[in-house]
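*Asks:*
Chains as they are written, first to last, in the working numbering: chain A, 5 to 217; chain B, 11 to 202.
Below, the structure written as structure tokens:
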């Protein structure tokens with residue numbers, strides 16, 4: 005299991021893939037103030053939500069390379085004949101994927117919040133929300149990656165599949181930044197995230213098995 | 011045969027895409043035995059290998075196999091960015107085997123530090139066989155293991171198979187070529 009997680013991290017780090025979601029996230033954070041103008045109250049009010057959207061889209065970027073390369077190279081087959089279940093493979097991928105994009109995204113949220121001029125208290129809530137929400141996003145990315153493995157042109161398909169499912173995370177995540185319902189928003193965010201994380205290894209595992217035949 | 015067979019097919023049938031590839035197949039593979047599966051393209055050789063590996067559930071019948079098996083098919087399953095040594099080391103680490111013995115047996119020591127993506131077709135095939143050797147699994151499943159191998163590579167493969175059988179291992183190989191081994195049995199799949 006540890007070997008599998010380390011392998012996932014190594015693959016994520018190889019070839020600069022790990023930087024792509026981060027660069028994308030920061031790019032959105034940079035462009036957003038240009039788009040809405042330098043009106044500070046407006047930026048503070050909308051900036052958090054924009055960052056949540058950027059995080060969501062950034063999580064989708066690596067979904068394609070999570071499962072498909074391993075399926076095509078026969079790595080999943082080789083693990084399966086060694087008695088390692090697809091669910092275990094999926095869990096290792098989930099942990100590896102989250103580690104490679106969740107914490108870096110939380111670090112990137114600091115300069116991103118500065119670009120939006122978000123107050124420190126709001127940044128704290130954003131960070132806590134990302135900590136709760138990114139595992140759910142990672143789980144979604146993994147499920148979509150596993151479901152679309154073996155298809156061609158999966159980029160757009162993955163987006164179509166994933167974005168509707170990610171709406172609860174977006175709603176609750178952004179609601180934690182609002183004036184009211186912060187605690188409730190956090191709890192609901194955590195609940196959605198937990199549900200996705202709990203389902204993902206089984207759904208992704210079943211998808212990997214189905215992709216074989 | 012003293013111990014339980016390493017692989018046993020009982021009345022196995024295989025359906026692929028609505029097409030019946032083979033049915034009523036019984037076979038048993040014990041220590042030191044080798045079975046060579048031949049047949050035209052599309053006869054179901056690869057499906058037979060994948061059924062034996064447990065990657066393809068049989069449409070009918072039962073398949074029993076020993077705990078540890080090693081499979082070499084057309085997919086290399088080595089990380090392209092790593093050096094051959096480290097890519098093989100990943101699997102050897104999972105299997106508790108040694109990557110070096112596999113590379114040595116297939117004459118790959120010289121290119122141990124070359125990244126996998128730089129390897130030629132023949133070298134990739136050798137690497138896949140090296141992964142099988144390094145696994146130290148008693149049952150080898152080889153799908154066209156000699157494809158792309160030069161004469162030297164074929165000799166090394168034949169030697170590795172002979173050595174494996176001498177140590178009590180079993181081999182199930184699908185190939186058009188004789189592989190330079192003396193199979194205990196051959197099985198010819200007919201095109202349907």
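Idealized CB from N, CA, C, for every residue including glycine.
In this text the structure is predicted, and so the values were computed from the model without any measurement.
(1) Whole alpha helix (DSSP H) runs in the stretch 164–203 of chain A with 4 or more residues, listed along the chain?
(2) Pick out the complete alpha helix (DSSP H) segments inside the stretch 125–164 of chain B, 4 residues or longer, and give them in chain order.
(3) With H, G and I counted as helix, E and B as strand and the rest as coil, what does DSSP make of residue 72 of chain A?
(4) So, helix, strand or coil for residue 11 of chain B, using DSSP?
(5) Using a cut-off of 8 angstroms between C-beta atoms, extract the partners of residue 31 of chain B located in chain A.
(6) What residues of chain B sit near residue 79 of chain A, judged by a beta carbon separation below 9 angstroms?
(7) Give the interface partners of residue 153 of chain B over in chain A, defined as CB-CB distance under 8 angstroms, in chain order.
(8) Give me whichever residues DSSP pairs with residue 20 of chain B in a beta bridge.
(9) At a CB distance below 9 angstroms, what residues from the stretch 70–82 of chain B approach chain A? Give them in sequence order.
(10) With a threshold of 6 angstroms on Cβ separation, who are the neighbours of residue 105 of chain A within its own chain once the five nearest residues in sequence on each side are excluded?
(11) Against chain A, does residue 17 of chain B count as a neighbour if the rule is that its beta carbon must be under 8 angstroms from one of theirs?
(12) Taking the beta strand (DSSP E) that residue 205 of chain B belongs to, which residues open and close that run?
(13) With DSSP as the reference, please indicate the residues paired to residue 119 of chain B in a beta bridge.
(14) Just to make sure I have the definition right: I need the residues of chain B whose C-beta is within less than 7 angstroms of the C-beta of residue 217 of chain A. Which are they?
(15) Mapping DSSP to helix, strand and coil, what is residue 106 of chain B?
(16) Please compile the residues from chain A whose C-beta is within a distance smaller than 7 angstroms of the C-beta of residue 63 of chain B.
(17) For the stretch 119–135 of chain A, which residues have a beta carbon sitting closer than 7 angstroms to at least one beta carbon of chain B?
*Replies:* If we stick to the structure as given:
(1) none
(2) 131–145
(3) Here residue 72 of chain A refers to the residue found at position 68 when the first chain is read from its first residue. Of the three classes helix, strand and coil, the one that applies to residue 72 of chain A here is helix, per DSSP.
(4) Numbered from 1 along the second chain, position 1 holds the residue referred to as residue 11 of chain B. Model confidence at residue 11 of chain B stands at a pLDDT of 44, short of 50, so the residue's coordinates are unreliable; what they give is reported in the following sentence. It is coil, neither helix nor strand.
(5) Here residue 31 of chain B is taken as the residue at index 21 of the second chain, counted from 1. Within chain A, no residue comes near residue 31 of chain B; the closest Cβ sits about 13 angstroms away, beyond 8 angstroms.
(6) Sequence index remark: in the first chain, residue 79 of chain A carries index 75 (1-based). Going along chain B in sequence order, the residues near residue 79 of chain A (Cβ under 9 angstroms) are 85, 87, 88 and 89.
(7) Looking up residue 153 of chain B in the second chain gives position 143. Ordered by position in chain A, no residue passes the 8 angstroms Cβ test against residue 153 of chain B, which lies about 11 angstroms from the chain.
(8) Against the second chain, residue 20 of chain B aligns to sequence position 10. Paired residues: B/72.
(9) 77, 78, 79, 80 and 81
(10) Translated into positions along the first chain, residue 105 of chain A becomes position 101. Here the set comprises 25.
(11) What you label residue 17 of chain B is simply residue 7 of the second chain in a count that begins at 1. It does not: the Cβ of residue 17 of chain B has no partner Cβ on chain A nearer than 8 angstroms.
(12) The question about residue 205 of chain B has no answer, for chain B in this structure spans 11 to 202.
(13) Position 109 of the second chain, counted from the first residue, corresponds to residue 119 of chain B. According to DSSP, which records beta bridges pairwise, residue 119 of chain B is partnered with nothing at all.
(14) Indexing the first chain from 1 puts residue 217 of chain A at position 213. Near residue 217 of chain A (Cβ distances below 7 angstroms), the residues of chain B are 66.
(15) For the purposes of this step, residue 106 of chain B is identified with residue 96 of the second chain, where counting begins at 1. Three-state DSSP puts residue 106 of chain B in coil, outside helix and strand.
(16) Stepping through the second chain from its first residue, residue 63 of chain B is reached at position 53. Those within 7 angstroms of residue 63 of chain B in chain A are 85.
(17) none
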